[in-house]
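Q:
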Amino acid sequence: SIDNNAKKYFCVSTDKATNPVNMMGASKRIMEKFLMRRSLEISVSTARFANVSFSDGSLPYGFTQRIVKSQPISAPKDVSRYFITAKESGELCLMSALLGENRDIFFPKLSEKLRLITFSEIAGNYLESLGYEPYLCSSEEEARVKASELIKQKKWPCYFFDSDTTGEKDFEEFYIGNESLDMVRFKAIGVIKNEVSFEDEKLQYFRETIMEMRVRKSWTKQEIVELFNYMLPEFKHKETHKYLDQRM
Numbered sequence: 089s090i091d092n093n094a095k096k097y098f099c100v101s102t103d104k105a106t107n108p109v110n111m112m113g114a115s116k117r118i119m120e121k122f123l124m125r126r127s128l129e130i131s132v133s134t135a136r137f138a139n140v141s142f143s144d145g146s147l148p149y150g151f152t153q154r155i156v157k158s159q160p161i162s163a164p165k166d167v168s169r170y171f172i173t174a175k176e177s178g179e180l181c182l183m184s185a186l187l188g189e190n191r192d193i194f195f196p197k198l199s200e201k202l203r204l205i206t207f208s209e210i211a212g213n214y215l216e217s218l219g220y221e222p223y224l225c226s227s228e229e230e231a232r233v234k235a236s237e238l239i240k241q242k243k244w245p246c247y248f249f250d251s252d253t254t255g256e257k258d259f260e261e262f263y264i265g266n267e268s269l270d271m272v273r274f275k276a277i278g279v280i281k282n283e284v285s286f287e288d289e290k291l292q293y294f295r296e297t298i299m300e301m302r303v304r305k306s307w308t309k310q311e312i313v314e315l316f317n318y319m320l321p322e323f324k325h326k327e328t329h330k331y332l333d334q335r336m
């Protein structure tokens with residue numbers, strides 16, 4: 089963009105970049121830091137938005153596939169997320185790209201419509217919208233065994249569990265307490281206002297280390313985690329060797 093004399097650069101971030109606990113969120117936070125440095129050369133704005141409802145690869149999308157295959161639904165009952173529609177996410181990105189000032193981060197304001205909701209609540213609401221009554225099972229095995237008979241009765245076997253997987257927050261957030269906010273400019277959008285702030289030596293070390301890994305064509309997850317911890321002292325990656333996708 090800089091080489092081609094673009095006037096503006098927009099990039100999508102995520103709510104997971106705020107106080108990150110997983111590698112994806114941490115990578116987005118590091119991206120924001122690199123963009124901060126580039127903001128001296130080109131106007132940059134980003135958007136942190138929530139989970140896009142029923143988008144490919146999302147947990148709710150997985151529910152739809154389970155329904156098609158007549159399989160039980162499984163979801164954590166203690167993990168809450170914000171959800172927005174694909175249209176809303178597109179509008180947020182467009183607003184940031186067109187109206188965002190240099191170093192602005194746009195995010196959706198919380199409202200009655202945008203609130204934290206658990207995956208188990210989403211599953212229950214979705215099943216009821218399809219005319220099924222959620223049937224709570226005490227184990228995955230019970231859900232599998234009873235699936236065929238329950239579905240005939242317009243009941244859907246569900247197994248909701250306490251999360252013990254790597255990199256899952258109890259809830260997400262769009263900003264932290266010490267960030268400067270503009271909550272007045274837009275009715276449904278908040279803006280994080282950033283001054284120029286970055287640690288050039290850290291950014292350079294990160295880039296050189298990643299390039300070295302690419303050259304040698306080998307690396308370990310632990311190396312990446314340690315590099316992320318160096319970049320983000322507040323980042324505490326907790327490895328349980330269990331992942332939500334596997335539980336689903």
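Residue numbers (my numbering): 89 to 336.
Think of the CB as a built atom: it goes at the ideal place given N, C-alpha and C, for glycine as much as any other residue.
(1) In or out: methionine 271 buried (at least 16 other Cβ within 10 Å) or exposed?
(2) Buried or exposed: which applies to aspartate 250, given that a residue is buried once 16 or more other Cβ atoms fall within 10 Å of its Cβ?
(3) Counting only the same chain and skipping the five closest in sequence on each side, list residues whose C-beta sits under 6 Å from that of lysine 96.
(4) Please specify which runs of the alpha helix (DSSP H), each continuous and at least 4 residues long, are wholly inside the region 215-261, giving them in chain order.
(5) Alpha carbons only, please: which of Arg191, Met319, Ile118 is nearest the one belonging to alanine 135?
(6) Express the C-alpha separation of cysteine 181 and serine 158 in angstroms, rounding to a whole number.
(7) Let me know if threonine 106 comes out buried or exposed under the rule of 16 or more other beta-carbons within 10 Å of its beta-carbon.
(8) Find the nearest neighbour of serine 146 within the set Thr173, Lys197, Leu315, judged by alpha-carbon distance.
(9) Between Pro160, Ser101, Ile205, which has its C-alpha nearest tyrosine 220's C-alpha?
(10) DSSP on lysine 157, reduced to helix/strand/coil?
(11) Could you check if methionine 319 is buried or exposed, using at least 16 other CB atoms within 10 Å of its CB as the buried criterion?
(12) What span of residues does the beta strand (DSSP E) with leucine 269 cover, start to end?
(13) Would you kindly report the start and end of the unbroken alpha helix (DSSP H) that includes serine 133?
(14) Between the alpha carbons of proline 196 and lysine 175, how many angstroms are there, rounded?
(15) Expressed to the nearest angstrom, what Euclidean distance is found between the alpha-carbon atoms of tyrosine 223 and tyrosine 149?
(16) How big is the Cα-Cα spacing for aspartate 126 and glycine 188?
(17) For isoleucine 312, name the three-state secondary structure that DSSP assigns.
(18) Our contact map puts methionine 119 next to serine 101 with C-beta atoms below 8 Å; I'd like the distance itself, whole angstroms only.
(19) Less than 9 Å between the beta carbons of asparagine 139 and arginine 169, yes or no?
(20) State the Cα-Cα distance for the pair serine 115 and threonine 308, rounded to the nearest angstrom.
(21) Where DSSP assigns a beta bridge to cysteine 99, which residues make up the other side?
(22) I need the boundaries of the alpha helix (DSSP H) containing phenylalanine 294, first residue and last residue.
A: Judging by the given coordinates:
(1) Indexing the sequence shown from 1 puts residue 271 at position 183. Methionine 271 counts as exposed, since fewer than 16 other C-beta atoms from the protein chains shown sit within 10 angstroms of its C-beta.
(2) In the sequence shown, the residue the question calls residue 250 occupies position 162. Around the beta carbon of aspartate 250, fewer than 16 other beta carbons sit within 10 angstroms, so the residue counts as exposed.
(3) Residue mapping note: residue 96 aligns to position 8 of the sequence shown, counting from 1. Excluding residues within five positions, the ones whose Cβ falls inside 6 Å are Ser131.
(4) With a minimum length of 4 residues, the continuous alpha helix (DSSP H) runs that stay inside the region 215-261 are 228-240.
(5) Position 47 of the sequence shown, counting from 1, holds the residue named residue 135. When only C-alpha atoms are compared, the closest one is Arg191.
(6) As a position in the sequence shown, residue 158 is number 70, starting the count at 1. As a position in the sequence shown, residue 181 is number 93, starting the count at 1. One C-alpha to the other measures close to 36 Å.
(7) Walking along the sequence shown from the start, residue 106 turns up at place 18. Flag for threonine 106 reads buried.
(8) Walking along the sequence shown from the start, residue 146 turns up at place 58. Cα-wise, what sits closest to serine 146 is Thr173.
(9) Looking up residue 220 in the sequence shown gives position 132. In this structure, Pro160 is the residue among Pro160, Ser101, Ile205 with its C-alpha nearest to the C-alpha of tyrosine 220.
(10) Within the sequence shown, numbered from 1, the residue matching residue 157 stands at position 69. The answer is coil: DSSP assigns lysine 157 none of H, G, I, E or B.
(11) Along the sequence shown, one-based indexing puts residue 319 at 231. With 16 or more Cβ atoms within 10 Å of its Cβ, methionine 319 is classed as buried.
(12) Counting from one through the sequence shown, the residue named residue 269 turns up at place 181. Note, leucine 269: beta strand (DSSP E), 268-270.
(13) Your numbering for residue 133 matches position 45 in the sequence shown. Careful: serine 133 lies outside any alpha helix (DSSP H), inside the beta strand (DSSP E) at 131-135.
(14) Residue numbering aside, residue 196 sits at position 108 when the sequence shown is read from its first letter. Residue numbering aside, residue 175 sits at position 87 when the sequence shown is read from its first letter. Spanning the alpha carbons of proline 196 and lysine 175 requires a straight line of approximately 13 Å.
(15) Position 135 of the sequence shown, counted from the first residue, corresponds to residue 223. Position 61 of the sequence shown, counted from the first residue, corresponds to residue 149. About 20 Å.
(16) The sequence position of residue 126 within the sequence shown is 38, counting from 1. The sequence position of residue 188 within the sequence shown is 100, counting from 1. Looking at the sequence itself, residue 126 is arginine, so the reference to aspartate does not match. CA-to-CA, the gap between arginine 126 and glycine 188 works out to about 16 Å.
(17) As a first step, residue 312 is located in the sequence shown; it is residue number 224 there, counting from the start. Here isoleucine 312 sits in helix by DSSP.
(18) Your numbering for residue 119 matches position 31 in the sequence shown. Your numbering for residue 101 matches position 13 in the sequence shown. Taking a contact as a CB-CB distance under 8 Å, the pair methionine 119 and serine 101 counts as one, their CB atoms being some 7 Å apart.
(19) To locate residue 139, count along the sequence shown from 1; it is residue 51. To locate residue 169, count along the sequence shown from 1; it is residue 81. With respect to the 9 Å criterion, asparagine 139 and arginine 169 are classified as neighbours on the basis of their beta carbons.
(20) As a working note, residue 115 is residue 27 in the sequence shown. As a working note, residue 308 is residue 220 in the sequence shown. Roughly 16 Å separates the two Cα atoms.
(21) In the sequence shown, counting from the first residue as 1, residue 99 sits at position 11. Answer is Thr134.
(22) For the purposes of this step, residue 294 is identified with residue 206 of the sequence shown, where counting begins at 1. For phenylalanine 294, the uninterrupted alpha helix (DSSP H) segment begins and ends at 288-304.
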